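Numbering (full-length UniProt numbering), first residue to last: 1 to 519.
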């Protein structure tokens, strides 16, 4: 039994014993899995592949950035009993819909499993299931993939069909619930939402922007891993391995006290420390970053970025999206441009951005472990690289607040408080709730010269490569806060497309998870 799922084995074996299937392989089938085109994230996919392999499934893993035709050709070639699709970034949701449509066109009836951080049961029910007449199911995590796959290859045809019918009924109910919620939800016109934007008194000394000590770009190459170790948030690391403590032992380090998973969590943590020491000793994984701070002012829902302090020449425009779903009371309708002083206000403001990675050199590390058949270690290496990238982002933001921008020079927060976002300012990432459009990365990459400076590339779906990479914007004002844009109307999509100089259909495609209507 492979080490990668060692902590799951007792639970899996107990389930087999209770079901009377211990020692049998009668339910085994061929499971084909891939991360869809344009997406590079595969930790969750790799764990699913190992878990199913340990449960007698023959697993065909097509890797990352896999086009739909390759997925279907290989599935038919290997006579796959089940196809699994994985993805992390929001454009992958549309790619999964494409795969499902192509499966329908080919007349396939192969069960389709959907998984990954950006996926959901609701999206699967509303967007994917309706375009494919075969079984479609969303799987929350690796451990739950086992009973789902076993149900799809159950030799008892009645039990198999009962399961398929049950899923179809659940998803039908979810669709009804979703469309009913769209009818019930009210939205402001874009003009009215803008009238209710966050009101900031920019002449109040509390809100006056601080001029950054650094104007322009700063490259940080080969950042020592030791410099970011204390900034690691270990909670997502344990979530990767699906180790979750029960109250009051949720989260790191309390998880070590949990009666069920504590011992395994402690062992996993210690082995992670050993691998981090190997990274440091061998200099096998490199940390690179770039930070940029620029003069800027808001113009409506956009932010103009200027070439210099004269503010005479616009070097780029950062586009914002505004909340439109109706709220109770006098709550503002946020847009990221609200956090930057407006042009014409007489107040000079600034905006920042960054890109960082802990993935360079990781491919060689993973290749070594794969060659040795050590699934546990290569998944561990991927998980740690992700943690290091996020830790580097945390450290960079601290440097920005205290030194590069310097609006909080006396900040003395613990890492725990930083992870709880108790500092001034925010660092929202394109593709996430405050600015859900991944295409804003193109503007960032141009301003930063990110690919040349850090060797972080963007895929066609604008995922970052290496996968262990993080990017985002910096807002330094006390008024700035995280928010979710939520659903938006066709009116705003049209307006956004004009501001971005983008075809309306393209804007709809990039913003598809946010639309309050069916395109």
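Backbone N, C-alpha and C define an ideal beta-carbon position, used for all residues, glycine too.
From a predicted model like this one, the values you see are computed outputs, not experimental measurements.
Contact check, residue i vs residue j, beta carbons under 7 Å
i	j	result
residue 42	residue 59	no
residue 447	residue 292	yes
residue 356	residue 289	yes
residue 361	residue 284	yes
residue 145	residue 50	no
residue 483	residue 426	no
residue 486	residue 273	no
residue 87	residue 136	no
residue 359	residue 468	yes
residue 83	residue 62	no
residue 163	residue 151	yes
residue 81	residue 153	yes
Simplified DSSP assignment, three categories, for residue i
i	result
residue 438	coil
residue 25	Annotation note: pLDDT 49 at residue 25 (below 50); position unreliable, coordinate value reported separately. Note: residue 25 maps to coil in three-state DSSP.
residue 338	helix
residue 134	coil
residue 481	coil
residue 151	helix
residue 418	helix
residue 346	coil
residue 507	helix
residue 288	strand
residue 279	helix
residue 142	helix
residue 252	coil
residue 474	strand
Exposure of residue i, with buried meaning 16 or more beta-carbon neighbours within 10 Å
i	result
residue 375	buried
residue 437	buried
residue 78	exposed
residue 298	buried
residue 320	buried
residue 76	exposed
residue 117	exposed
residue 46	buried
residue 216	exposed
residue 441	buried
residue 400	buried
residue 341	buried
residue 55	buried
Per DSSP, cross-strand counterpart(s) of residue i
i	result
residue 388	Note: residue 388 sits in no beta bridge, so no partner.
residue 83	32, 112
residue 72	Its beta-bridge partners do not exist; DSSP assigns none.
residue 302	299, 319
residue 353	292, 473
residue 66	36
residue 217	292
Counting Cβ pairs, one atom from each stretch, are 3 or more of them under 8 Å apart for the stretch 494-513 and the stretch 231-251? no
If we count Cβ pairs, one from each stretch, closer than 8 Å, do we get three or more for the stretch 239-252 versus the stretch 215-229? Touching, no.
Three or more C-beta pairs closer than 8 Å, one from the stretch 241-255 and one from the stretch 324-334: is that the case here? no
Is there contact between the stretch 346-354 and the stretch 392-406, where contact requires at least three CB pairs shorter than 8 Å? yes
Taking 8 Å as the cut-off, does the stretch 488-497 touch the stretch 444-459 (at least 3 CB pairs, one atom from each stretch)? no
Decide yes or no for the touch test of the stretch 257-273 against the stretch 183-203: beta carbon pairs closer than 8 Å, at least 3 of them. no
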